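A.B. asks: Numbers in the working numbering are just positions in the sequence shown, counted from 1, shifted up by 74.
Backbone N, C-alpha and C define an ideal beta-carbon position, used for all residues, glycine too.
These numbers were taken from a predicted model, which means no experiment stands behind them.
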Amino acid sequence: MSKSFDLTKFKDNVSTRNQYQRQLRRLADAGKSVECIEHAVRESLKNLSGKGRKSFVIYGEPQSGKTEMMICLTAKLLDEERPLIIHLLNDSVDLLGQNLGRFKASGLAPSAQNFSEVLDPSINLAKGQHVIFCKKNAKDLQKLSNKIGALKDVIIIDDEADYASPNGKVNRADKTRINELISDILGDSGDYIGVTATPARLDLNNTFDNDSGLWVSFPPHSHYTGQDVFFPFDDEDAENASKFRLTLLKEKGDDPKFARAALFSFMVNVAYLNIFNNKTETNYSMLIHTSGNKVDHKADWDAVQEALSALTDRGSAKFGRYVRDIWTTAHDRYSDVDPDTVTTYIVDNASRNAVILLNSDSDFRQNGLSATNPSSLFTVVIGGNIVSRGVTFDNLLSMFFTRDVKHKIQQDTYIQRARMFGARGKYLKFFELTIPESLYKDWNRCFVFHRLSLASIKAGKGSPVWLSDSRIAAVASASIDKSTVDIDRGEMAFALFRFDPKMDALVGSKISTRKKLEELALMIGDDGFPEYLRRFIVRMSRNIENDVSIQKSAAVYPRMNDKEKAAISRTKGMMGASQTSGDKSKHSLKIFTNDDGMGRMYYKYSGSIEFAKNMK
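(1) Whose C-alpha, out of L431, A381, I456 and L432, is nearest the C-alpha of I420?
(2) If I follow the unbroken alpha helix (DSSP H) through S219, where does it start and stop?
(3) Can you tell me whether L472 is helix, strand or coil according to DSSP?
(4) How would you call V559, buried or exposed, if buried means at least 16 neighbouring beta carbons within 10 angstroms?
(5) Quick one: measure Cβ to Cβ for L594 and M577, integer angstroms, because I've assumed they're closer than 8 angstroms.
(6) Which partner residues does A149 have in the DSSP bridge list?
(7) Whose CA, out of Y358, I554, Y408 and D233, lies closest to the CA of A247?
(8) By DSSP's criteria, G175 is part of a beta bridge. Which residues make up the other side?
(9) Is DSSP giving D233 helix, strand or coil here?
(10) Going by CA-CA distance only, name the one from I546, F573 and H405 that's closest to V675.
(11) Across the segment 296–308 and the segment 508–523, are there enough close Cβ pairs to call them in contact, namely three or more that are closer than 8 angstroms?
(12) Please list, in chain order, all residues of the same chain as N279 whose beta carbon is under 8 angstroms from its beta carbon, the five residues on each side excluded.
(13) What would DSSP say about D265, mapped onto helix, strand or coil?
(14) Kindly confirm or deny that the segment 123–139 and the segment 269–277 touch, where touching means at least three C-beta pairs closer than 8 angstroms.
(15) Excluding the 5 residues preceding and the 5 following L570 in the sequence, name in chain order all residues of the same chain whose CB lies nearer than 6 angstroms to its CB.
(16) Between which two residues does the alpha helix (DSSP H) holding S339 run?
(17) What distance in whole Å lies between the Cβ atoms of L347 and F504, which are believed to be in contact at a cut-off of 8 angstroms?
(18) Tell me whether V290 is buried or exposed, calling it buried when 16 or more other Cβ atoms sit within 10 Å of its Cβ.
(19) Roughly how far, in whole angstroms, is the beta-carbon of M143 from the beta-carbon of F292, given that I think they are within contact range, below 8 angstroms?
(20) Can you have a look at K210 and say buried or exposed, based on whether 16 or more other CB atoms are within 10 angstroms of its CB?
(21) Among D621, R176 and F305, whose alpha-carbon lies nearest the alpha-carbon of A492?
(22) Among E135, L260 and G327, which has the Cα closest to the Cα of L162?
(23) Residues in its own chain within less than 7 angstroms of I546 by CB, not counting five upstream and five downstream?
(24) In whole angstroms, what separates the C-alpha of L502 from that of L320?
(25) Which whole-angstrom value is the C-beta distance of S627 and S662, which I expect to be below 8 angstroms?
(26) Per DSSP, G496 forms a beta bridge with which residues?
(27) Output the boundary residues of the beta strand (DSSP E) element that contains W289.
(28) Out of curiosity, what's the CA-to-CA distance linking L225 and E155?
(29) Am I right that S180 and Q97 are in contact with their C-beta atoms under 8 angstroms? What's the rounded C-beta distance?
(30) Could you check what DSSP says for G647 in three-state terms: helix, strand or coil?
(31) Report yes if the CB atom of L471 is closer than 8 angstroms to the CB atom of V378, and no otherwise.
(32) Roughly how many whole angstroms lie between the Cα atoms of I416 and F338?
(33) Run through the DSSP bridge pairs and tell me what N688 is partnered with.
(34) Count the other CB atoms within 10 Å of the CB of T667; is the residue buried (16 or more) or exposed (fewer)?
(35) Per DSSP, what are the beta-bridge partners of K83 in this structure?
(36) With DSSP run on the structure shown, which of helix, strand or coil describes F282?
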């Protein structure tokens, strides 16, 4: 039977549609959960529907699989016939190569390209569909901006969006160069999607006018281990801490003996896993992060190298002492096995090590694969800021973290440094975090504040609320748009409500404080007594009966003017010394009323916590 040629069959590009479903099948076939990805993509497409330019953030947990989510989101946008999709990422050649490689391997059509591949004049971005990657540096962005020109309907997906993209000159009527160039690429019609685990800076900076009301949650997959495990919120979550090994140092940890002890502990865990647990021998890595100073990294390298050299030289003067330390660690930790067996394995294999310094992008290009996917049995990675963002360490079994700061810890930076987060379930109980106790408490509080802020986003009650204190800053102060952000220092006030005398009766009753908070919230309403505050009070109280004081209402101060009385508010605040005198509780709550029958709830925390909120 003869068949005639029909060109129309080949002009129709139906075969390149439904890419999103193919990507989901690819992940499902690999045994990966896709429900979280489907949620993020569905909500993002909902935001992008309709007319007008859209700008929002997809936020999730550190190291929770956002690259696969972005691949699937890109596939869906291609199905929706979006012509130009630009992926921005940190200024790292190696990270560019890693992400670009994963996108190409996924089978997307068209294949993702580095921006340099499309600069040739013969390539017309106005025709067809394009997926382009570009690092966030002024030189590359300028070239890409020149190439794009005035093209409409651009969509930017900005990985680690709170890094480099926000405008650090927001309070000076000026723009940082990278922020300006991204704005130029977006034009007046482009859509912006920021992707990050730490969105506070994007909100408080008003970066690209993103709308927090459109923010999309990207929940972690079922195999993820994150802040709930490594930084238990309260006593109820304390059992999570037993799921891994936490070694708290009473000192700063700058003495080489602490790093050496952590190294030997790491080697003992590697030996135990490979002798008694693993079917096939597996390489593991240890991350040492003590400073951003390269001189300090060299000192760390010297300490680790000295210990490993002594273990590989049986004639070394320190061989006996170090082997005894290892034997003792094995004996004390694993009572079910012979410490001689563990120690012999370590001594016999000590030379199978790699000590890698990651101080710069050039180091990463040379050693990145060996560092992130260990090729030696005992791989030790010593690094500075480059390990803080976008770097995932496979088979990470130990982290020695002593990097502290003299002044305020920047919350977003330290959250990103939680490199131990991820799919660690198979060996979680063998993972060890060694850290000074004071630093761990600060780091834990970073996540407490962060968690409550995310809860305020999920509540959908307008702009999120970001918490900080004398030790922890939500973001760098220069990034906060002071024209729209309100910061209540130590005292918070909420929406006016109709006062009911039954509220005082409730406060004076003998029911538990927790029950009072719940019932008072029902009477006042969420605007007047927000859920995020109630959650904060409960979770920050070790003994809620002692830590929380709910006082009966009081009338406004007689000397307040009529406007202040109507608003139940004054510049100097309402919760003065006279209101909290003799009150030793951490959390104080009080309703003030006026003659119109209105009330306003005031909250004061004795720890000087600040609550920042974008009022735009």
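C.D. replies: Let's see:
(1) A381
(2) A212 to I222
(3) For clarity, residue 472 is Ser in the given sequence; the question names Leu instead. The answer is strand: DSSP assigns S472 an E or B state.
(4) buried
(5) 6 angstroms
(6) Answer is none; A149 lacks a bridge partner.
(7) I554
(8) DSSP lists no partner for G175.
(9) strand
(10) The sequence given here places Met at residue 675; Val does not occur at that position. The option with the nearest alpha carbon to M675 is F573.
(11) yes
(12) P240, N241, V244, V549, S553, I554 and D555
(13) strand
(14) yes
(15) M672 and R674
(16) P330 to Y346
(17) 6 angstroms
(18) buried
(19) 6 angstroms
(20) buried
(21) F305
(22) L260
(23) K482, I483, Q485, D516, R519, C520 and F523
(24) 11 angstroms
(25) No, S627 and S662 are not in contact; Cβ-Cβ is about 13 angstroms, not under 8 angstroms.
(26) T299
(27) Where W289 is concerned, there is no enclosing beta strand (DSSP E), given that its DSSP letter is neither H nor E.
(28) 15 angstroms
(29) 6 angstroms
(30) coil
(31) no
(32) As written in the sequence, residue 416 is Val, which differs from the Ile given in the question. So the two alpha carbons sit approximately 12 angstroms from each other.
(33) V559
(34) buried
(35) Beta-bridge pairing links K83 to no other residue.
(36) helix
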